[in-house]
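K.L.:
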Amino acid sequence: MLATALATLSGPVLAQSGGSGSPGEQEAQAPAVADQDIIVTARRTSERLQDVPVAVTAFGNRDLVERRISTESDLQSVTPGLTVRQNTSSNQLGLSIRGQAVDAFSYSAPAVLAYFNETQAGGVTSTAFFDLESIQVLKGPQGTLFGRNATGGAVLYKTRSPSKDFEGYLRAGYGNYDNREVEGAINVPLGSFGALRVSGKMQKRDGFQHNLYNGDRLNSIDSRNIRGSLLISPDGSGFENTTVFQYGKYGGNSGGVKVQNAYAAGQTNNGYALNATAAALYGPGFINLTTDPRVRQLGFDGIADYISKQKNIGFYDFYNDADGRHRARQYIVTNTTTYEVSDAVNFKNIIGYNNVVSRDKSDADGSPFQMVTAGVNDSTPWNYTYQTEQFSNEFQVNGKLLDNRLTYIFGLFVSRETNGQIARYNVGGDYPGGTASPPGLFLYNFETKDTSKAVFLQATYALTDRLNFTAGGRYTWEKISIHQRPGDLYGSLGVGPRSSKFSKPSWTVGLDYKVTDDLLLYFNHRGSWRTGGFNGTSTDLVGGVLVPNQFKPETTYDFEIGAKLAGNLGPIPARLNIALYDQYVKNVQRTVYIDITAVSGNVNKARVTGAEIDGSFDLTPWLQVGGAFTYTHARYTDPQAVVAGVSLPFGPYADSPKYSGSAFFRAKADLANDAGEVALRGDLYAQSSTYYTNLADTLTPDTKLPGYGILNGRLEWNRILGSDVSAAAYIRNITDKHYYAGGLGVGAVIGVNGTLTGTPRTYGFELSVNF
Numbered sequence: 005m006l007a008t009a010l011a012t013l014s015g016p017v018l019a020q021s022g023g024s025g026s027p028g029e030q031e032a033q034a035p036a037v038a039d040q041d042i043i044v045t046a047r048r049t050s051e052r053l054q055d056v057p058v059a060v061t062a063f064g065n066r067d068l069v070e071r072r073i074s075t076e077s078d079l080q081s082v083t084p085g086l087t088v089r090q091n092t093s094s095n096q097l098g099l100s101i102r103g104q105a106v107d108a109f110s111y112s113a114p115a116v117l118a119y120f121n122e123t124q125a126g127g128v129t130s131t132a133f134f135d136l137e138s139i140q141v142l143k144g145p146q147g148t149l150f151g152r153n154a155t156g157g158a159v160l161y162k163t164r165s166p167s168k169d170f171e172g173y174l175r176a177g178y179g180n181y182d183n184r185e186v187e188g189a190i191n192v193p194l195g196s197f198g199a200l201r202v203s204g205k206m207q208k209r210d211g212f213q214h215n216l217y218n219g220d221r222l223n224s225i226d227s228r229n230i231r232g233s234l235l236i237s238p239d240g241s242g243f244e245n246t247t248v249f250q251y252g253k254y255g256g257n258s259g260g261v262k263v264q265n266a267y268a269a270g271q272t273n274n275g276y277a278l279n280a281t282a283a284a285l286y287g288p289g290f291i292n293l294t295t296d297p298r299v300r301q302l303g304f305d306g307i308a309d310y311i312s313k314q315k316n317i318g319f320y321d322f323y324n325d326a327d328g329r330h331r332a333r334q335y336i337v338t339n340t341t342t343y344e345v346s347d348a349v350n351f352k353n354i355i356g357y358n359n360v361v362s363r364d365k366s367d368a369d370g371s372p373f374q375m376v377t378a379g380v381n382d383s384t385p386w387n388y389t390y391q392t393e394q395f396s397n398e399f400q401v402n403g404k405l406l407d408n409r410l411t412y413i414f415g416l417f418v419s420r421e422t423n424g425q426i427a428r429y430n431v432g433g434d435y436p437g438g439t440a441s442p443p444g445l446f447l448y449n450f451e452t453k454d455t456s457k458a459v460f461l462q463a464t465y466a467l468t469d470r471l472n473f474t475a476g477g478r479y480t481w482e483k484i485s486i487h488q489r490p491g492d493l494y495g496s497l498g499v500g501p502r503s504s505k506f507s508k509p510s511w512t513v514g515l516d517y518k519v520t521d522d523l524l525l526y527f528n529h530r531g532s533w534r535t536g537g538f539n540g541t542s543t544d545l546v547g548g549v550l551v552p553n554q555f556k557p558e559t560t561y562d563f564e565i566g567a568k569l570a571g572n573l574g575p576i577p578a579r580l581n582i583a584l585y586d587q588y589v590k591n592v593q594r595t596v597y598i599d600i601t602a603v604s605g606n607v608n609k610a611r612v613t614g615a616e617i618d619g620s621f622d623l624t625p626w627l628q629v630g631g632a633f634t635y636t637h638a639r640y641t642d643p644q645a646v647v648a649g650v651s652l653p654f655g656p657y658a659d660s661p662k663y664s665g666s667a668f669f670r671a672k673a674d675l676a677n678d679a680g681e682v683a684l685r686g687d688l689y690a691q692s693s694t695y696y697t698n699l700a701d702t703l704t705p706d707t708k709l710p711g712y713g714i715l716n717g718r719l720e721w722n723r724i725l726g727s728d729v730s731a732a733a734y735i736r737n738i739t740d741k742h743y744y745a746g747g748l749g750v751g752a753v754i755g756v757n758g759t760l761t762g763t764p765r766t767y768g769f770e771l772s773v774n775f
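Here the sequence shown is numbered in our numbering, starting from 5 and rising by one per residue.
(1) Within the same chain, show all residues whose beta-carbon is closer than 6 Å to that of residue 464, passing over the 5 residues directly before and after it, in chain order.
(2) Around the Cβ of residue 197, are there at least 16 other Cβ atoms within 10 angstroms (buried) or fewer (exposed)?
(3) Assuming contact is defined by CB atoms lying nearer than 8 Å, are residue 747 and residue 771 in contact in what I supplied?
(4) Taking the C-alpha atoms as reference points, what is the distance between residue 272 and residue 703?
(5) Output needed for residue 557: all residues of its chain with C-beta closer than 7 Å, excluding positions within five of it in sequence on either side, in chain order.
(6) Work out the CA separation of residue 342 and residue 104 for me, nearest whole Å.
(7) With DSSP run on the structure shown, which of helix, strand or coil describes residue 442?
(8) Can you have a look at residue 36 and say buried or exposed, based on whether 16 or more other CB atoms are within 10 angstroms of its CB?
(9) Should residue 419 and residue 395 be called a contact, given that it needs their Cβ atoms to be closer than 8 Å?
(10) Output needed for residue 363: all residues of its chain with C-beta closer than 6 Å, excluding positions within five of it in sequence on either side, in chain order.
(11) Is the beta carbon of residue 559 sitting closer than 8 Å to the one on residue 550?
(12) Can you tell me which of the three DSSP states residue 35 falls into?
(13) Of all the options 199, 67, 491, which has the alpha carbon lying nearest to the alpha carbon of residue 134?
(14) So is residue 317 buried or exposed if we call it buried at 16+ other beta carbons inside 10 Å?
(15) Buried or exposed: which applies to residue 449, given that a residue is buried once 16 or more other Cβ atoms fall within 10 Å of its Cβ?
(16) Go to residue 313, then tell me how far its alpha helix (DSSP H) extends in each direction, as first and last residue.
(17) Could you round the C-beta distance between residue 776 and residue 59 to whole angstroms and report it? I think they count as a contact, below 8 Å.
(18) To the nearest angstrom, how far is it from the Cα of residue 274 to the Cα of residue 262?
(19) Once DSSP output is grouped into helix, strand and coil, what is the label at residue 26?
(20) For residue 837, which residues in the same chain have their Cβ closer than 7 Å to its Cβ, ignoring the five residues on either side in sequence?
(21) Count the other CB atoms within 10 Å of the CB of residue 39; is the residue buried (16 or more) or exposed (fewer)?
(22) To the nearest angstrom, how far is the alpha carbon of residue 515 from that of residue 610?
(23) Please check the pair residue 678 and residue 716, which I expect to be a contact at CB under 8 Å, by giving their CB distance rounded to whole angstroms.
(24) Just to check my reading of the structure: residue 140 and residue 568 have Cβ atoms closer than 8 Å, yes? What is that Cβ distance to the nearest angstrom?
(25) Measure how close the beta-carbons of residue 231 and residue 204 come, nearest whole angstrom, since I'm counting them as under 8 Å.
(26) Here's a check: name, in chain order, each residue in its chain whose Cβ is nearer than 7 Å to the Cβ of residue 158, leaving out the five neighbours to either side.
(27) Pull the bridge partners of residue 303 from the DSSP assignment, please.
(28) CB-CB under 8 Å to residue 767, same chain, minus the five flanking residues each way: which ones, in chain order?
(29) So, under 8 Å CB-CB, residue 320 and residue 213 are touching, yes? Tell me the CB distance rounded to an integer number of Å.
(30) In angstroms, rounded to a whole number, what distance separates the CA positions of residue 264 and residue 552?
(31) CB-CB under 6 Å to residue 356, same chain, minus the five flanking residues each way: which ones, in chain order?
(32) Leaving out the 5 sequence neighbours to the left and right, which residues in its chain are closer than 8 Å to residue 605 when beta-carbon positions are compared?
(33) For residue 267 and chain B, any beta-carbon pair shorter than 8 Å?
(34) Might you give, ordered along the chain, the residues of its own chain that have their beta carbon closer than 6 Å to the beta carbon of residue 32, omitting 5 neighbours on each side?
(35) Exposed or buried, which one is residue 757 when buried takes at least 16 other CB atoms within 10 Å?
(36) Check the C-beta distance from residue 160 over to residue 45 and give it rounded, since I have them as a contact under 8 Å.
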């Protein structure tokens, strides 16, 4: 079908692309689509995007600057099919591709993994993007080359490598909400020996949300980042070693939560009892019981009264009893060594270390009442704390055999990951007899460790000059353990440590065929899995001893066919990507919120079917247009699950809008007398409605977010009057659309669900100089 549709056209594929030269060069130049060959590493080797027979969306450095992709949440509006949902706050994000996601407060590994210079980089905080060579979004289970856990896909961040030229840039900007940004880099050659690159970024922005409970501004930014990259590559040696060290410090206040609904006593249409705790405990007359003088001053007489009055405040106004403060820091180090043994064999070794600590205080119920508050004041060690430490080493052999008809990659991988949580919940602090200060009742303090080992081999054989066959396999061994730390609720009840081992294969089988030099057709069948684990807040009785509750590994496989076209569509330079897929998932890892806790378990089966199309067209030498469309049909085919002893049918499928799409144009004009280039860009992103809980048919009804669309624009003057200075003005969410970026579905815990608002209209100016 794809061959019939595209065989008469010429070109290869998808890409929202941009070159990977210096930022100045990229802002100054906007080559035609047919000339933009972005390099990707989706198959763990450098290849042109249009030659890679997998679904990838990639952004070069120019795209990142021009489209203001500066943090994780910005990726959603430029990558249809990728959902970046705010879970408990604007700093706790969940990524979903093709329906594969991780729930808020889940003990599961993410289904969409982040990689920083080819090493996995986890942690619970938003970060800042700067001085990047590219970002690549890989879609679908990654099979052989990225191993377990990447059942939905991966997001690859590649930093700018040092070069043996002296160059750099400085960019500064100012915008509304007193947004101040400074970013820069300097690259210094070290003779024939190597090079050093130092870059950094600082940003500070006031919050666009107003907490009327205490006067704070919420959803503010205060980030500082620095990176050093050292290249050792003696000329003619065939040896190259690059070490990258990055430090990031993140502050400000996270975004607030707004009450969407509160359940009254009763049942759903299918007979499940609703949790009416909030309505019962915070009912009429509560104003006479509360120990919080601020609530009495505000005159909120219970949750129903508050929801009624909440309708009269602004979209970005909140009454949250928590101040939302966020503090995080990250150290990340990567070391990549390559050695060219011969024209046919290369060795590569990748070492990675990542250490992230984040501390937050957030309002889980979204009201002025102290129903459930995560974390307490900064002066105590009891903030809601996440700790992540990761170390990995991967050794690869890349080579060619049989007169270069067979290419292969063989690898050995080992990693060690430690994740800790210190989760202090203030429950009913404004209620007579409530627990309001540490060491109160609800303190969870535990640590999990994951040791992983793997071996993999993948090879591609050229059956003919146009037809290639690829096959690969990976086998992974996992050991997971958990133990409670001092002060933990379950530790005080005698819950012991627990460990378990898992091992499973991952695989890839595929064919790709070059119909013409410009048209590639492909088929892939891939399998992957997500490791099992333990719930730190739920127990089983095993051998007469209380131990943490365990959930099983998740397994998945898919079938995908696609076409990639890049060349000329008639007289028009064009790129076009199409992918159709069908993915099957067993033991789907999902989380239920009960009894002031979150418990992960397994839903029997799910299936996700979809289509993705992406294209761009140079209509004239000065006008480029393009767009993307994604259809995702995600559903539970066997929705039953038993989680912590509770049997439930799951559905509908959360974090997976059925439709999403984007469109853009870029018009440019060269000014007379070499006075520079002026360019205007407009972008549209839209998506259909989506659920933010997986139990909307049972325990948490009415947890659906409406669809929305946003418009962005940018005007540039590059190489002003022939100089190395460029300027730009931007505006995002031009129509100031009110939309929701996520939700917190704790209706089964306390009878209240909350939503998190998206970003309002923002605008500003940038000035950059390149040298």
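Just so you know, even glycine gets a beta-carbon here, dropped at the ideal spot from N, CA and C.
Just so we're clear, the structure is a prediction, and the values are computed from it rather than from any experiment.
P.N.:
Straight from the coordinates:
(1) 411, 472, 474
(2) exposed
(3) no
(4) 8 Å
(5) 506, 508, 533, 534, 535, 536, 591
(6) 34 Å
(7) Confidence at residue 442 is low in this model, with a pLDDT of 44, below 50, so its placement is unreliable and no value can be given for it.
(8) Unreliable placement is indicated for residue 36, whose pLDDT of 39 sits below 50; the coordinate value is still reported in the next sentence. Exposed, since its Cβ has fewer than 16 Cβ neighbours within 10 Å.
(9) yes
(10) 331, 387, 389
(11) no
(12) Per-residue confidence for residue 35 stands at a pLDDT of 36, beneath the threshold of 50, marking its modelled position as unreliable; the derived number appears in the next sentence. It is coil, neither helix nor strand.
(13) 67
(14) exposed
(15) buried
(16) 307-314
(17) The structure shown does not extend to residue 776, since the chain is modelled only from 5 to 775, so the question has no answer here.
(18) 27 Å
(19) Residue placement at residue 26 is flagged as unreliable, the pLDDT there being 37, under the threshold of 50; a coordinate-derived value is accordingly withheld.
(20) With the chain running from 5 to 775 in the structure shown, residue 837 is simply not present.
(21) Low confidence applies here, because residue 39 scores a pLDDT of 40, under 50, leaving its location unreliable and the question unanswered by this model.
(22) 26 Å
(23) The Cβ separation is near 30 Å, so there is no contact.
(24) Not quite, the Cβ-Cβ distance comes to about 15 Å (not below 8 Å), so this is no contact.
(25) 7 Å
(26) 116, 117, 119, 142, 146, 150
(27) BP columns for residue 303 are empty, so no partner.
(28) 179, 180, 733, 734, 735, 736
(29) 5 Å
(30) 33 Å
(31) 123, 338, 396
(32) 555, 593, 594, 595, 596, 645, 646, 647, 648
(33) Among the protein chains of the structure shown there is no chain B, as only one such chain exists.
(34) Confidence at residue 32 is low in this model, with a pLDDT of 34, below 50, so the placement of that residue should be treated as unreliable; the coordinate-derived value is given next. Answer for residue 32: 722, 723, listed in chain order.
(35) buried
(36) 7 Å
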